[in-house]
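Protein chains: 2
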Amino acid sequence: MELNFEQQEIYKLQKDTLVNGLIDIVPLESFEKKLKESILNNKPLKIKFGLDPTAPDVHLGHTVVINKLKQFQDFGHQIQIIIGDFTGKIGDPSDRDATRKQLTDEEVIYNAKTYFDQISKIIDKENIEVFYNSKWLKQLDLEEILNIASSITLTRLLERKDFTNRFNNNKPIALHEFFYPLMQGYDSVALECDIEIGGTDQLFNLLMGRHMQGHYKQNEQVVLTLPLLEGLDGIQKMSKSKNNYVGIDESPKDMYGKLMSYPDDLMEKYINLVTHYSIENKKALIENIKQNKIHPKNAKMQIAKHIVTLYHGDKKAEIAEQEFNNVFGRNALPEQIEELELNAGIYNTYEFLTDNLSLFSSKSEARRMISNGGVKINGEKLDETQLKIKLEDEMIVQVGKRKFKKIILK
Amino acid sequence: MELNFEQQEIYKLQKDTLVNGLIDIVPLESFEKKLKESILNNKPLKIKFGLDPTAPDVHLGHTVVINKLKQFQDFGHQIQIIIGDFTGKIGDPSDRDATRKQLTDEEVIYNAKTYFDQISKIIDKENIEVFYNSKWLKQLDLEEILNIASSITLTRLLERKDFTNRFNNNKPIALHEFFYPLMQGYDSVALECDIEIGGTDQLFNLLMGRHMQGHYKQNEQVVLTLPLLEGLDGIQKMSKSKNNYVGIDESPKDMYGKLMSYPDDLMEKYINLVTHYSIENKKALIENIKQNKIHPKNAKMQIAKHIVTLYHGDKKAEIAEQEFNNVFGRNALPEQIEELELNAGIYNTYEFLTDNLSLFSSKSEARRMISNGGVKINGEKLDETQLKIKLEDEMIVQVGKRKFKKIILK
């Protein structure tokens, strides 16, 4: 059972592509073996992805996993999405007395539809198997549940970070909470999944799938995790509540503009996790940026346009780019610039920039920016030796790329 | 809703009798209230007792709880015995690979019958309600089980001593083990019990019944615990494996003999927990013993005869007592005494007792016993000043109450 030459090539391409961007592969040998067997026997792998039935607005942070699913799908593997409707429908029993946020069947189905409508911009939703885990979880009886529970020790469960922390800080953990990872693991038993994918913060829960399959004498799934994507601030995980996100339903213009605003050092991560470039093109682009063969700003524009294209198509992406160029492009000024009335005369450069225009909070800050070539007057770089400025009407003072002020003489 | 005079008397008698011998009453006020309401409304209380389906040979240690149930039954309350067949039938899932000790339905029923045949010597078995807990436990689904589990925290569960110890000593606790106390507690929900009785080592599990009933918004049961009975050695809990027990199916003679052999200071406990004397008679007998109005040996004989009567009837108890008197009575010798051939002559007392007769393992032991008056020769106490003994044919040497040797001169 050896791969022939052509199969070797396919294997290499699949492996390189699929491994790209991952954090955990547990275990690697098993992943390689499953991939080879799949190619050899022309039998798709079953790729599990579990989903809350609460239907968020999908943003680029969510697409990190979905993009990986798309890669599997493109290679002909079978995506199995499990909607965790069981817990969604029963709510958290410890909230019994409070208003329980139980979802009805209709809500679960509506939420799932909303979700699939959004992600269908990325993957072929007709080619996905969708399961609701209440189907099998509802049928478990106490004997089976005790059997499931007998497979795991308290010590192992307390290894999950949030449990560890709560236990060590004497914060209560109700017994039923231990069951959620077990149930998630049992989903893998029900579907006999080959691979499960999730965010790196889900590693413990994903490993439960391996554990439960082992307990049920099944072939254990491989666990693949992906990093959490930092938002536009470059620091915190992308999320709606942090307002550092790019929603995949946002307008082309907003999407493009936002995608020009994250820190340059995140570009490699965005290329790997958010774009749909081929593995070769990803590597080439990253290499070109590193070797300064492409200007970071141009690279970022290329990535932004690519991503807008994914969600809005070529034409709209083109228009978004033009608009951006009109506003922020090399010789263009923004459409609206703040105007300031000042008396004509000769001003001390530093006082003028800090006190009169409030462009800096201190003279030393102004000095630093000028010496870096970051201050322009009517498009010309201000020289740090120029200590006086003679005001002209409609004179435009620019700091960095985005800050402009226009002087109107009184 | 006040008790009239007659009801007050009934209440007082019931309470005094039922409280006698208990260790825990949780909570006392609730016990008093339930008892009063039962008398006022002429409505029996439902008294739960949980039973393993493994059918032990019943010994006096077991009867401590059964005697308490009998008192409740005699006062007209309803005994509910729950046979824990659910766990018996599924076995311990963590033993899956080992030979599982699963009981069949037939075995469970056979064991229960064996048990009831034995305890029917104490309580009226026709007047007991018997339940098999698989009836309701089998029907629990995951939603209900999560609800049950949500009622309790890990910290609370770890308060059970064996869990605490194992956790602190890094010995594994499998998750399903936490469910056994919860299931036992749920049994009380299923039957809406008023009172649950058990050994004091069961306190944690019995309190789970209160906890679960509270979670299900039921009136919480009162928990009553009884002490564990020390066996004939006076030290360890009575048990078959320690061979310090009196089985309720033992012959009258063995039973009587064994019941004369436990230490005197346990007599009060045996009176309270093992006899069926009325509360007044118990108190009177204990008082008489304390005030030396009755000789301890006579008190013990009275108790032994009473207990043999309970399990074998008057006549057999009478015969057992006579036999005992024939063997161990004031002037009687046992029917068979070990004989030893020795040469005639004068012997050193201590060497004679230790080396020739092997009645003691050391001379100092012999000396202690002699000075306590525990050694008799031909029925006369041996004086500690007597250092020599002249042997006679058929001389009888007695140590304590039961050890005899007869000398035959060669």
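Those sequence lines, one after another, are chains A and B.
Numbering of the first sequence is given in my numbering, commencing with residue 4 and proceeding in unit increments.
Numbering of the second sequence is given in my numbering, commencing with residue 4 and proceeding in unit increments.
Here a beta-carbon is modelled for each residue, glycine too, at the ideal position from N, C-alpha and C.
Keep in mind that this is a model prediction, so the values were computed, not measured.
Would you tell me roughly how many angstroms separate the C-alpha atoms of I297(B) and K318(B), rounded to the nearest one? So the two alpha carbons sit approximately 24 Å from each other.
Just confirm the distance between the C-beta atoms of Q389(A) and T352(A), as a whole number of angstroms; I'd bet it's less than 8 Å. The C-beta distance from Q389(A) to T352(A) rounds to 6 Å, short enough to meet the 8 Å contact threshold.
Y259(A), enclosing beta strand (DSSP E) - first and last residue: Under the DSSP assignment, Y259(A) falls outside any beta strand (DSSP E), being part of the alpha helix (DSSP H) whose first and last residues are P255 to L262.
Kindly indicate if chain B contains any beta-carbon less than 8 Å away from that of G403(A). Under the 8 Å criterion on CB atoms, G403(A) is classed as non-interfacial with respect to chain B.
Closest to N45(B) by C-alpha separation, out of I13(B), K240(B), I28(B) and S254(B), would be which residue? Ranking I13(B), K240(B), I28(B) and S254(B) by Cα distance to N45(B) puts I13(B) first.
Would V133(A) be called buried (16 or more neighbouring beta carbons within 10 Å of its own) or exposed? With fewer than 16 other Cβ atoms within 10 Å, it is exposed.
In the structure shown, what three-state DSSP assignment does N23(A) receive? N23(A) sits in coil when the DSSP states are folded into three classes, being neither helix nor strand.
Quick one: residues in its chain with C-beta nearer than 6 Å to the C-beta of K379(A), no 5 flanking neighbours on either side, listed in chain order? Cβ neighbours of K379(A) beyond the five flanking positions: Q401.
Taking only beta-carbon atoms, is A302(B) less than 8 Å away from chain A? Chain A contact via Cβ: absent.
Count the other CB atoms within 10 Å of the CB of A347(B); is the residue buried (16 or more) or exposed (fewer)? Its Cβ having fewer than 16 others within 10 Å, A347(B) is exposed.
What is the rounded straight-line gap between the Cα of P175(A) and the Cα of E368(A)? Each residue's alpha carbon lies about 51 Å from the other.
Short check: CB of L143(A) to CB of L145(B), under 8 Å? Their beta carbons are under 8 Å apart, which means L143(A) touches L145(B) by this criterion.
Run through chain B and tell me which residues come within less than 9 Å of D60(A), C-beta to C-beta. Going along chain B, no residue has its Cβ under 9 Å from D60(A), so there is no contact; the nearest lies around 29 Å.
Have a look at F170(B) and L160(B) and give me their C-alpha separation to the nearest angstrom. F170(B) and L160(B) have their C-alpha atoms spaced approximately 11 Å apart.
When burial is assigned at 16 or more other CB atoms within 10 Å of the CB, is L31(B) buried or exposed? The residue is exposed, with fewer than 16 neighbouring Cβ atoms inside 10 Å.
Can you have a look at S41(A) and say buried or exposed, based on whether 16 or more other CB atoms are within 10 angstroms of its CB? Classification for S41(A): buried.
To the nearest angstrom, report how far apart I28(B) and I198(B) are at their CA atoms. About 10 Å.
Quick one: which residues of the segment 177–191 of chain B get their C-beta closer than 7 Å to a C-beta of chain A? List them in chain order. Residues A177, L178, H179, F181 and F182.
Could you tell me the alpha carbon to alpha carbon distance between I310(B) and F75(B), rounded to whole angstroms? Cα to Cα, I310(B) sits roughly 19 Å from F75(B).
Alpha carbon to alpha carbon, what distance is there between E283(A) and T20(A)? So the two alpha carbons sit approximately 9 Å from each other.
Go ahead and label Q83(A) buried or exposed: buried means 16 or more other beta carbons lie within 10 angstroms of its beta carbon, across all protein chains shown. By the C-beta density criterion, Q83(A) is buried, having at least 16 other C-beta atoms within 10 angstroms.
Note the first and the last residue of the continuous alpha helix (DSSP H) segment covering I310(B). P299 to H315 is the span of the alpha helix (DSSP H), which, as asked, contains I310(B).
Proximity of P56(B) and G87(B) at Cβ, strictly below 8 Å: Yes, Cβ-Cβ distance for P56(B) and G87(B) is below 8 Å.
If you count every other CB in all the chains shown that lies within 10 Å of the CB of K49(B), and 16 or more means buried, which is it? The residue in question, K49(B), is buried, as its Cβ has 16 or more Cβ neighbours within 10 Å.
Fully enclosed by the segment 204–292 of chain B, which alpha helix (DSSP H) runs are 4 residues long or longer? Given a length threshold of 4 residues, each whole run of the alpha helix (DSSP H) inside the segment 204–292 of chain B is given here in chain order: 206–218, 255–262 and 270–277.
Can you give me the start and stop residues for the alpha helix (DSSP H) that V68(A) sits inside? Run containing V68(A): L63 to D77, per the alpha helix (DSSP H) assignment.
Report the three-state DSSP secondary structure of N45(A) (helix, strand or coil). Looking at N45(A) - three-state DSSP - the assignment turns out to be coil, as it is neither helix nor strand.
Assign I392(B) to one of two classes, buried (16 or more other C-beta atoms within 10 Å of its C-beta) or exposed (fewer than that). Result: buried.
Can you check whether the C-beta of K141(B) is within less than 8 Å of a C-beta belonging to chain A? Yes, K141(B) lies at the interface with chain A (some Cβ there is under 8 Å from its Cβ).
Take Q239(A) and list the residues in its own chain whose beta-carbon comes closer than 7 Å to its own, dropping the five residues that flank it on each side. Spatial neighbours of Q239(A) in its own chain (CB-CB distance under 7 Å, excluding positions within 5 residues in sequence) are listed in chain order as E233, K245 and N247.
Starting from T158(A), find everything on chain B with Cβ-Cβ shorter than 9 Å and list it in chain order. Residues of chain B passing the Cβ test: F170, N173, P175 and I176.
Relative to the alpha-carbon of A307(B), which residue among K293(B), N291(B) and H279(B) has its alpha-carbon at the smallest distance? The shortest C-alpha separation from A307(B) is found at H279(B).
Identify the continuous beta strand (DSSP E) that holds N168(B) and give its terminal residues. Membership of N168(B) in any beta strand (DSSP E) is not indicated; the residue belongs instead to the alpha helix (DSSP H) covering K164 to N171.
Please report whether the beta-carbon of D144(A) lies at a distance below 8 Å from any beta-carbon of chain B. By this cut-off, D144(A) is an interface position.
Could you pull the DSSP bridge partners for G53(A) from this structure? Answer by DSSP bridge pairing, in chain order: I85(A).
CB I93(A) to CB T203(A), shorter than 8 Å? No, they are not a contact pair.
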